[in-house]
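Below: one structure, written as structure tokens.
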Ligand code: DQA
């Protein structure tokens, strides 16, 4: 069975407790469960990992390529805004990555308006809460099935 990787970066283990007015009250466990079910209903497996560590996230991106993962849904948290190391890791793999942000980063502090990862990602979904992850899953499956760009 082909697999999708759901990767959540720093502080996202605190979903449900962390600034609920910004990120909602649902937990990471609930998100991961929902995403696994959604992937399975499309005939895909989904592995969900969260890490607060940049190097671990880089290793997971490399591994995803080595394991032939079909696509990566990635919420890189604050690393989005400044991690050139994550940018290089994404640029260095063939696996398509979709960047997801729960909050509308463009409505928030200026430092959140720029993503150093957007240029090397297939697409970016912001501000749609957990639904953004589901949309990213649909897009990756569509890309994988057609083995082509989503038009
Ligand atoms: C976030 C937005 C980032 O700016 C922030 O640092 C996060 C979460 C989001 O999902 O909205 O940790 O990626």
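Numbering (my numbering), first residue to last: 10 to 160. Each residue gets a CB set at the ideal place from its N, CA and C atoms; glycine is no exception.
Counted within 10 angstroms of its Cβ, other Cβ atoms place residue i as buried (16 or more) or exposed
| i | result |
| --- | --- |
| residue 116 | exposed |
| residue 98 | buried |
| residue 44 | buried |
| residue 140 | exposed |
| residue 27 | exposed |
Inter-residue Cα distance where the pair is residue i and residue j
| i | j | result |
| --- | --- | --- |
| residue 37 | residue 121 | 21 angstroms |
| residue 12 | residue 29 | 30 angstroms |
| residue 21 | residue 86 | 7 angstroms |
| residue 113 | residue 149 | 21 angstroms |
| residue 144 | residue 42 | 16 angstroms |
| residue 34 | residue 72 | 31 angstroms |
| residue 64 | residue 100 | 16 angstroms |
| residue 130 | residue 124 | 10 angstroms |
| residue 54 | residue 151 | 15 angstroms |
| residue 49 | residue 56 | 11 angstroms |
| residue 119 | residue 51 | 38 angstroms |
| residue 132 | residue 62 | 23 angstroms |
| residue 31 | residue 60 | 20 angstroms |
| residue 91 | residue 10 | 35 angstroms |
For residue j and residue i, believed in contact at Cβ under 8 angstroms, the rounded distance
| i | j | result |
| --- | --- | --- |
| residue 78 | residue 58 | About 11 angstroms separates the two Cβ atoms, so there is no contact after all. |
| residue 47 | residue 146 | 6 angstroms |
| residue 74 | residue 102 | 4 angstroms |
| residue 142 | residue 82 | 6 angstroms |
| residue 18 | residue 84 | 6 angstroms |
Residue of the options minimising C-alpha distance to residue i
| i | options | result |
| --- | --- | --- |
| residue 93 | 20, 67, 76 | 67 |
| residue 109 | 16, 11, 12, 10 | 16 |
| residue 24 | 100, 40, 50 | 40 |
| residue 153 | 60, 107, 96 | 107 |
| residue 135 | 126, 127, 111, 119 | 111 |
| residue 128 | 32, 14, 89 | 89 |
| residue 69 | 14, 132, 133 | 14 |
task: List in chain order the residues whose CB is within less than 6 angstroms of at least one heavy atom of the ligand DQA.
output: The answer, residue by residue, is 20, 84, 86, 87, 89, 110, 111, 112, 114, 121.
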